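Respectively, the protein sequence lines represent chains C and E.
Note that numbering that gives the first Met the number 0 numbers the first sequence so that position 30 is 29, with each residue one more than the last.
Note that numbering that gives the first Met the number 0 numbers the second sequence so that position 61 is 60, with each residue one more than the last.
We treat Cβ as the ideally placed atom computed from N, Cα and C, and that holds for glycine.
Bear in mind the structure is a predicted one, so any value in this text is a computation, not a measurement.
As structure tokens, the structure follows; a few thoughts come after it.
Protein chains: 2
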Amino acid sequence: MPGPRLEIEYCTQCRWLLRAAWTAQELLTTFTTTLGEVALVPGTGGVFEIRLDGEPIWSRKAQGFPELPELKRLVRDRIAPDLDLGHSDRRH
Amino acid sequence: MPGPRLEIEYCTQCRWLLRAAWTAQELLTTFTTTLGEVALVPGTGGVFEIRLDGEPIWSRKAQGFPELPELKRLVRDRIAPDLDLGHSDRRH
């Protein structure tokens, strides 16, 4: 069974493709085949939203841009609860 | 109606994430919201395959790695036939 689908919807008008692609690469580097796929979804109007199997887990409008360690913890807690994220797990 | 879905399945063992993400960014830069999404799909066993709405349009095993101008022409011919690709359209 394929792993979960993570979507990153980003605003093309704001030129956030590079940030979205960077975020995707970070998540795919950490979770590799535990994720089924990471989809980059071009949008408009200032959107930068991340959904995991349809469930919104981050919204720029509500929370600003995600820091990677926090985003990785959110994803890890849902798809690989036993995975140690190393530095990303250390309380700063 | 959302635009077409393009998938890039890449081999994680071969560390082809960066090449897949680069290809995704090039296609999303050229086609922006004409594409509905570009999905990065982690795989194994030397896979580097590109599918457009499920139709295979590139296979590394059959064709080697895609050059971007050629790949952009393949995608353009299917989703935006009237789009001028500038340099990518010039016969070299």
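Taking the CA atoms as reference points, V74 (chain C) sits about 18 Å from A61 (chain C). Not a single CB atom of chain C sits nearer than 8 Å to the CB of A79 (chain E). Under DSSP, A38 (chain C) takes part in a beta bridge, and its partners are C:E6, E:A38. Excluding sequence positions up to five before and after W57 (chain E), its CB lies within less than 6 Å of the CB of I49, P65, all in the same chain and listed in chain order. Contact between the stretch 80-90 of chain C and the stretch 20-36 of chain E is absent, with fewer than three C-beta pairs closer than 8 Å. Judged by DSSP secondary structure, R14 (chain E) falls outside any beta strand (DSSP E); it is assigned neither H nor E. DSSP, reduced to helix, strand and coil, places P55 (chain E) within a strand of the structure shown.
Residue E:C13 holds the alpha-carbon nearest to the alpha-carbon of R59 (chain E) among E:C13, E:V37, E:T32, E:T33. Listed as beta-bridge partners of R77 (chain C) by DSSP are no residues whatsoever.
Across the structure, L17 (chain E) and G63 (chain E) are spaced so that their CA atoms are roughly 16 Å apart. When C-alpha distances from E69 (chain C) are compared across C:A79, C:D88, C:L51, C:R77, the shortest belongs to C:D88.
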